[in-house]
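There are 2 protein chains.
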Amino acid sequence: MLKHILLVPVIFITFSINAQTTSYTKDSLQLRKIYNLTLTEGEAYNWLDYLSNNIGGRLSGSRNAQKAIDYTKAELEKIGLDSVWLQPVMVPKWTRGSREYSYIETAPGVTRDLNITALGGSVSTPAGGAKAEVIEVKGLEELKEIGQEKIKGKIVFYNRPMDPTKISTFEAYGGCVDQRYSGAEEAAKYGAIGVIVRSLSLKQDDYPHTGSMSYGNLSKDQRIPAAAISTNDANYISGMLKLTPDAKLYFKLNSEVHKDVESYNVIGEIKGSEYPDEIMVVGGHLDSWDLGDGAHDDGAGVVQSMEVLRLFKEMDYQPKRTIRVVLFMNEENGLRGGNKYAEVAKQKSEKHIFALESDAGGFTPRGFSFDADDAQFAQILGWQKLFKPYLIHYFEQGGSGADIGPLKQGDIVLAGLRPDSQRYFDHHHAATDTFDHVNKRELELGAATMTSLMYLIDQHGIKHINTEQKDKF
Amino acid sequence: MLKHILLVPVIFITFSINAQTTSYTKDSLQLRKIYNLTLTEGEAYNWLDYLSNNIGGRLSGSRNAQKAIDYTKAELEKIGLDSVWLQPVMVPKWTRGSREYSYIETAPGVTRDLNITALGGSVSTPAGGAKAEVIEVKGLEELKEIGQEKIKGKIVFYNRPMDPTKISTFEAYGGCVDQRYSGAEEAAKYGAIGVIVRSLSLKQDDYPHTGSMSYGNLSKDQRIPAAAISTNDANYISGMLKLTPDAKLYFKLNSEVHKDVESYNVIGEIKGSEYPDEIMVVGGHLDSWDLGDGAHDDGAGVVQSMEVLRLFKEMDYQPKRTIRVVLFMNEENGLRGGNKYAEVAKQKSEKHIFALESDAGGFTPRGFSFDADDAQFAQILGWQKLFKPYLIHYFEQGGSGADIGPLKQGDIVLAGLRPDSQRYFDHHHAATDTFDHVNKRELELGAATMTSLMYLIDQHGIKHINTEQKDKF
């Protein structure tokens, strides 16, 4: 009798192991197929070439942004998805105008030109430019210590550099971006007439890096012009001010804030065969800053996301769940596209179970960051070994991406692709964010890695943590 | 009584855990210090700038190679090592001569220029160049099938591309390099008058990539000229030959093989305080090809290796074991430096316990490959978690590096730094292997990662496997 009692669990275990092994083998082969196909017949690089070199920088509300909408919609239609559509969204429109000009004057007539660029959203200087003495600070909090008397009528120069000891350059960026975003708002409160911000880059060069800024609740007449200055020039001015504290900085911005205009998120989907109501999103943002051609930020994320769906079609893979690519508009200066997509999803009571964003450059992928609870994350970690042959090792809990953030509610898992970050801020929001700085294989490996994760979640689903917990307690 | 019996092991375990924790914490802090110092006050990038831009390509036996010897020796002397010396070694000398020229002729007078470069070690063409019909093959073994009759008097065109589905580009390179290395030797046996080899690069562009080749045992009069052709031109010719099989290829090489000349390995060391007879080597190769400035191959490895010792001095770290930096001469076309170093070490009965090589480009480091046995590797894996904050994840058994290979004997562990490999062959041995393609942070992270491993092995030593096994059995 003992013999029979023992047999039952043994058989059960064997069966269970075999089923697991079969599933693992199947997944493993499917990932190999995905990587091979991307690396041999990928379309992402060609799409990015067009987006970067035939269209170029795609600031929200610009003619180029509309061209990018038309182009990506047409390309998605060629893939043979079940549906492709545009989702209208009102976006802010800001224009740079003619090129900025700046110099520092150490004595009457003794000047040196500076490399600056208006921050996105900044008001222009007066028509004749702005000229004043400069107060260098390392951050917003220093303004209070210095006080209104010394700041009034001057130009505040924010010069806290990104911390080079952070291994993730995004962390170094996060530690400095308040100067760019809120620098003008804060300095205006102390009577400054303008601000200059050290470019958010770890590289020493002559390229200024733009980016979004906000005036908070300041009224229109309180707003002061704000510009970024190259890291080389930031060091130069800082040194110069030690020798000549009364040096004057001149700058002229020609920017203009317009009324909101209509634009679009571009959306395409393959309907799920088993669970069509469970929606999985993959996306990047279609808009970019205007200085370069937005190849890394976020042309890469756009074409990688499109490639996910193209690969599924190419492989004749019929997803169980509905897979949607969303090319978000206006991530850079408003996040209107991301907010609109989440708003419409809520209105329609759509059930999103997963969203993946690629918005960290087209560099060699290292893994993903997951906005998931512990049990969901444990499930995901079970797939980690499938990625080992592709040197994808980074699976961590953490943030995901700006555009998919508004989708967060209930059981949904959000994820962000995490490429190698070392070179990202060399190009971020600068004139050097161009196609020639994207490596074809690195871009493709990112697309294959994203497709692989989308495939695994489509196959195996995501744990419904809240429900399970309810069942348990 | 039972109480006392139980107490002994409990105390012992607690002590042991504490000791481990203390050691782990100490190591962890030391690694943080190493990374911080490299990323804020590193010298590697400045050294590489000089080596690349003030000296340039450093082919063995050239004036530039001697300049690089003088420069690195002087820089090592500035660091304050215990000793710095030159180790004489005879190296081959090959010169390219004036620029190569090539075209394909599809009809009399109808020609198109091609981008070619002589392979290192190739004989020149006749003074008037070589011109013949072309036979395209995918590899050495095809020659036999085609046969002498069809090959005789023609130019063999090796056109097997690197496999893009390999995630490690080194693996893809390994699958094709026989065409470059032995292509001329094999084709000559079938009566070919020259060979053209598709450049070993995964990138489609116009740059030909040189590299070493061998004539094996062929006598001087049997040797035929060999050149690499750009990937774009390889595709062009391949397409052209389908339309015009009798198209003729002309090429002219002006290379010359000279007598061996004396050169040097550059060596510096810090004497160990506890085990001065246990030597640990870190190195890269000082020579490079002549087309670019050898920034990635292997200027990066040279300056990273120098940085290891500089950091130890900068940190006031007194190693227990003797740490030696070796800048090997002639890795590219002879490996004479690596062989000489091992030969002298053997003559002097020096005990080398560890050697680390960096010769895979100055890209973001991913980890190491170890030529170590299972027990040694298990010991090393114990340190892996110390590297996690720096995103160093790749710890695998495998090959190490060409220059340290000859040191292999007994207990020694060999290791190779493994940087991200995706872009390496875009530049390898081509005119684009230049300083501007090296990212400062990526280079520095490599140096910090190497220094960290050297530190850990210096602190904890390497298991003496053979001895232990002897003890056991």
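Quick mapping for you: the protein sequence lines, in order, are chains Y and F.
Its first residue numbered 535, the first sequence is counted upward by one per residue in my numbering.
Its first residue numbered 535, the second sequence is counted upward by one per residue in my numbering.
For every residue, glycine included, the Cβ atom is placed at its ideal position computed from N, Cα and C.
With burial defined as no fewer than 16 other Cβ atoms inside 10 Å of the residue's Cβ, what is the status of residue i: buried or exposed?
i, result
"H534 (chain F)", "The structure shown does not extend to residue 534 (chain F), since chain F is modelled only from 535 through 1007, so no value can be given for it."
"P642 (chain Y)", "exposed"
"A661 (chain F)", "exposed"
"G681 (chain F)", "exposed"
"W619 (chain F)", "exposed"
"E609 (chain F)", "buried"
"A664 (chain F)", "buried"
"P1008 (chain Y)", "Any property of residue 1008 (chain Y) remains undetermined from this structure, which presents chain Y solely from 535 to 1007."
"A912 (chain F)", "exposed"
"D780 (chain Y)", "exposed"
"V644 (chain Y)", "exposed"
"P923 (chain Y)", "exposed"
In this structure, how does DSSP classify residue i when only helix, strand and coil are distinguished?
i, result
"K919 (chain F)", "helix"
"A726 (chain Y)", "coil"
"A761 (chain Y)", "strand"
"L783 (chain F)", "strand"
"A553 (chain Y)", "helix"
"W581 (chain F)", "helix"
"P660 (chain F)", "coil"
"H994 (chain Y)", "helix"
"P810 (chain Y)", "strand"
"P543 (chain F)", "Here the model assigns P543 (chain F) a pLDDT of 45, short of 50, so the residue's position is not dependable, and the following value carries that caveat. In this structure, P543 (chain F) counts as helix in the three-state DSSP scheme."
"P695 (chain Y)", "coil"
"P953 (chain F)", "strand"
"H927 (chain Y)", "coil"
"R522 (chain Y)", "Residue coverage of chain Y in this structure runs from 535 to 1007, which leaves residue 522 (chain Y) outside it and unanswerable."
"N799 (chain Y)", "strand"
Excluding five sequence neighbours on each side, which residues of the same chain lie with their C-beta closer than 7 Å to the C-beta of residue i?
i, result
"E808 (chain Y)", "K854"
"Y875 (chain F)", "Q621, N799, V860, F862"
"L571 (chain Y)", "L845, E848, M849"
Is residue i close to chain Y? Criterion is C-beta to C-beta, closer than 7 Å.
i, result
"P698 (chain F)", "yes"
"R732 (chain F)", "no"
"N769 (chain F)", "no"
"T1001 (chain F)", "Reliability of the predicted coordinates at T1001 (chain F) is poor, the pLDDT of 46 falling under 50, and no value is obtained from them."
"G701 (chain F)", "It is Ile, not Gly, that sits at residue 701 (chain F) in the sequence shown. At least one chain Y Cβ lies under 7 Å of I701 (chain F)."
"N475 (chain F)", "Nothing can be reported for residue 475 (chain F), as the shown portion of chain F is limited to 535 through 1007."
Between which two residues does the alpha helix (DSSP H) carrying residue i extend?
i, result
"H792 (chain Y)", "H792 (chain Y) -> no alpha helix (DSSP H), and no H or E assigned at all."
"K874 (chain Y)", "870-881"
"D604 (chain F)", "597-613"
"Q838 (chain Y)", "834-848"
"Q682 (chain F)", "682-685"
Are the C-beta of residue i and some C-beta of chain F separated by less than 7 Å?
i, result
"D954 (chain Y)", "yes"
"R975 (chain Y)", "yes"
"H963 (chain Y)", "no"
"L573 (chain Y)", "yes"
"L987 (chain Y)", "no"
"H927 (chain Y)", "yes"
"T966 (chain Y)", "no"
"N580 (chain Y)", "no"
"L990 (chain Y)", "no"
"R694 (chain Y)", "no"
"R630 (chain Y)", "no"
Hey, could you find the ends of the beta strand (DSSP E) residue i is sitting in?
i, result
"F704 (chain Y)", "Not the beta strand (DSSP E): F704 (chain Y) falls in the alpha helix (DSSP H), residues 703-708."
"F959 (chain F)", "That residue, F959 (chain F), is in no beta strand (DSSP E); its alpha helix (DSSP H) goes 958-961."
"A664 (chain Y)", "664-671"
"F904 (chain F)", "899-905"
"T651 (chain F)", "650-652"
"G746 (chain Y)", "As written in the sequence, residue 746 (chain Y) is Ser, which differs from the Gly given in the question. Counting along the chain, S746 (chain Y) falls outside any beta strand (DSSP E), and DSSP gives it neither H nor E."
"M624 (chain Y)", "617-625"
"H886 (chain Y)", "885-891"
Give every residue of the same chain whose Cβ lies closer than 8 Å to the Cβ of residue i, excluding the five residues on either side of it in the sequence, and list them in chain order.
i, result
"E575 (chain F)", "E848"
Who are the near neighbours of residue i in its chain, counting only those whose CB is closer than 6 Å to its CB and skipping five residues on each side?
i, result
"D905 (chain F)", "S934, L948"
"F691 (chain Y)", "V668, E670, I730"
"L783 (chain F)", "I638, V668, I689"
"K805 (chain Y)", "D616, T856"
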